[in-house]
Amino acid sequence: MKRWPRVVLFVVLGLVGIVLLFFLFEWAGNFLDSGGTLSG
Amino acid sequence: MSGWTLIGAAGLVLVFLVYQLFVTDLINARSQATAAVELEGFLIERRATTTTTGVAREPELLTEPAVPVGEPLARIEIPKIKLDDVVFEGTERATLKLGPGHMPETPFPGQPGNAVISGHRTTYGRPFYDLDQLVVGDEIRVETALGVNTYEVREVLIVAPTDMWVAESIPGAWLTLTTCHPRFSAAQRLVIQAELVDGPNLDYIQTLLASASMSAE
Chain A
4 MKRWPRVVLF VVLGLVGIVL LFFLFEWAGN FLDSGGTLSG
Chain B
127 MSGWTLIGAA GLVLVFLVYQ LFVTDLINAR SQATAAVELE GFLIERRATT TTTGVAREPE
187 LLTEPAVPVG EPLARIEIPK IKLDDVVFEG TERATLKLGP GHMPETPFPG QPGNAVISGH
247 RTTYGRPFYD LDQLVVGDEI RVETALGVNT YEVREVLIVA PTDMWVAESI PGAWLTLTTC
307 HPRFSAAQRL VIQAELVDGP NLDYIQTLLA SASMSAE
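Taken in order, these protein sequences are the chains called A and B. Going by this note's numbering, the first sequence opens with residue 4, and the numbers climb by one from there. Going by this note's numbering, the second sequence opens with residue 127, and the numbers climb by one from there.
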């Protein structure tokens, strides 16, 4: 495998990881502070 | 579990806490600064479209036009906890990231009934961080297109997140503030209920209450 496809793969996986991490943080943040809303 | 896995997990938790407790504050500070400027313009614009719907020789109810979700609606000031924030219309997650949000199913602040405003306690600018310091008699001011409405705290409650009754309509004009409780947990809700003691619609509301009590007798 040439060097550049590995670099691209690494960058893509890194970006996907950051996006997934962001959504994980958003979801977990609801347990810390959900904004004080009421839900019936 | 290997040492590196533990270090990785600890790092992830640290990044999560830094994001929630500091980065979200920066996001909120930026949106509040922009909204404060926008609100001034919006209030002037809405004042021009304020309407009256009363009966002659009696105090009239002043109303204001609906505000789209996510737009600045009012300014809330609580001198005791040094809060001065722009309130947005709506209580969706995206709106509450901008600042305290007004529950659209409830009347606007200063109108008859129970206006509900929710806000974050420990993240996104933590507008209601010190809300537990309020006691009966403390002052809350909300400026809308109609003018400044002054409320006095009447009740401080701790309820479950499902206790929707705190948002139900109450005779007179009330403001209900809700936030998470205790700090750093969404297990319960801290609720502040305050009654209107001064504002553009106070005369109308007092007349309404007097006629309701007369008809009840």
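The beta carbon of each residue, even a glycine, is placed where N, CA and C say it ideally should be.
Residue j beta carbon less than 8 Å from that of residue i
{"i": "residue 161 (chain B)", "j": "residue 224 (chain B)", "result": "yes"}
{"i": "residue 250 (chain B)", "j": "residue 154 (chain B)", "result": "yes"}
{"i": "residue 300 (chain B)", "j": "residue 240 (chain B)", "result": "yes"}
{"i": "residue 194 (chain B)", "j": "residue 166 (chain B)", "result": "no"}
{"i": "residue 185 (chain B)", "j": "residue 289 (chain B)", "result": "no"}
{"i": "residue 298 (chain B)", "j": "residue 266 (chain B)", "result": "no"}
{"i": "residue 362 (chain B)", "j": "residue 238 (chain B)", "result": "Only positions 127 to 343 of chain B appear in this structure, which leaves residue 362 (chain B) out of reach."}
{"i": "residue 37 (chain A)", "j": "residue 220 (chain B)", "result": "no"}
{"i": "residue 323 (chain B)", "j": "residue 285 (chain B)", "result": "no"}
{"i": "residue 196 (chain B)", "j": "residue 213 (chain B)", "result": "no"}
Where residue i sits in the DSSP three-state scheme
{"i": "residue 330 (chain B)", "result": "helix"}
{"i": "residue 280 (chain B)", "result": "strand"}
{"i": "residue 219 (chain B)", "result": "helix"}
{"i": "residue 388 (chain B)", "result": "With chain B running from 127 to 343 in the structure shown, residue 388 (chain B) is simply not present."}
{"i": "residue 19 (chain A)", "result": "helix"}
{"i": "residue 318 (chain B)", "result": "strand"}
{"i": "residue 170 (chain B)", "result": "helix"}
{"i": "residue 299 (chain B)", "result": "strand"}
{"i": "residue 182 (chain B)", "result": "Low confidence applies to residue 182 (chain B): its pLDDT is 49, below 50, so where it sits in the model is not reliable, and the reading given next is rough at best. Residue 182 (chain B) falls in the coil class under three-state DSSP."}
{"i": "residue 41 (chain A)", "result": "coil"}
Any C-beta of chain A under 8 Å from that of residue i
{"i": "residue 134 (chain B)", "result": "no"}
{"i": "residue 146 (chain B)", "result": "yes"}
{"i": "residue 270 (chain B)", "result": "no"}
{"i": "residue 349 (chain B)", "result": "This structure leaves residue 349 (chain B) out entirely; chain B is present only between 127 and 343."}
{"i": "residue 131 (chain B)", "result": "no"}
{"i": "residue 155 (chain B)", "result": "no"}
{"i": "residue 282 (chain B)", "result": "no"}
{"i": "residue 287 (chain B)", "result": "yes"}
{"i": "residue 234 (chain B)", "result": "no"}
{"i": "residue 224 (chain B)", "result": "no"}
{"i": "residue 195 (chain B)", "result": "no"}
Separation of residue j from residue i, as counted between CA atoms
{"i": "residue 164 (chain B)", "j": "residue 211 (chain B)", "result": "13 Å"}
{"i": "residue 168 (chain B)", "j": "residue 278 (chain B)", "result": "26 Å"}
{"i": "residue 306 (chain B)", "j": "residue 242 (chain B)", "result": "14 Å"}
{"i": "residue 175 (chain B)", "j": "residue 191 (chain B)", "result": "7 Å"}
{"i": "residue 203 (chain B)", "j": "residue 274 (chain B)", "result": "10 Å"}
{"i": "residue 233 (chain B)", "j": "residue 342 (chain B)", "result": "24 Å"}
{"i": "residue 182 (chain B)", "j": "residue 40 (chain A)", "result": "Because residue 182 (chain B) sits at a pLDDT of 49, beneath the cut-off of 50, its placement in the model cannot be relied upon, and the following sentence gives the value as read from the coordinates. Using only the alpha carbons, I get a separation of about 40 Å."}
{"i": "residue 32 (chain A)", "j": "residue 138 (chain B)", "result": "13 Å"}
{"i": "residue 222 (chain B)", "j": "residue 244 (chain B)", "result": "8 Å"}
{"i": "residue 34 (chain A)", "j": "residue 303 (chain B)", "result": "20 Å"}
{"i": "residue 257 (chain B)", "j": "residue 128 (chain B)", "result": "43 Å"}
{"i": "residue 271 (chain B)", "j": "residue 262 (chain B)", "result": "27 Å"}
{"i": "residue 131 (chain B)", "j": "residue 141 (chain B)", "result": "15 Å"}
{"i": "residue 143 (chain B)", "j": "residue 218 (chain B)", "result": "22 Å"}
{"i": "residue 340 (chain B)", "j": "residue 325 (chain B)", "result": "23 Å"}
{"i": "residue 170 (chain B)", "j": "residue 296 (chain B)", "result": "30 Å"}
Any non-hydrogen atom of the ligand ATP within 7 Å of residue i CB
{"i": "residue 39 (chain A)", "result": "The ligand ATP is not part of the structure shown, which contains no ligands of any sort."}
Chain B contact for residue i (CB, 8 Å cutoff)
{"i": "residue 20 (chain A)", "result": "no"}
{"i": "residue 13 (chain A)", "result": "no"}
{"i": "residue 17 (chain A)", "result": "no"}
{"i": "residue 26 (chain A)", "result": "no"}
Contacts of residue i in chain D (Cβ-Cβ under 8 Å)
{"i": "residue 246 (chain B)", "result": "This model lacks chain D altogether, as its protein chains are A and B."}
- Enumerate, from N- to C-terminal direction, the unbroken beta strand (DSSP E) stretches of 3 or more residues contained entirely within the segment 221-259 of chain B. Qualifying beta strand (DSSP E) stretches, in chain order: 239-244.
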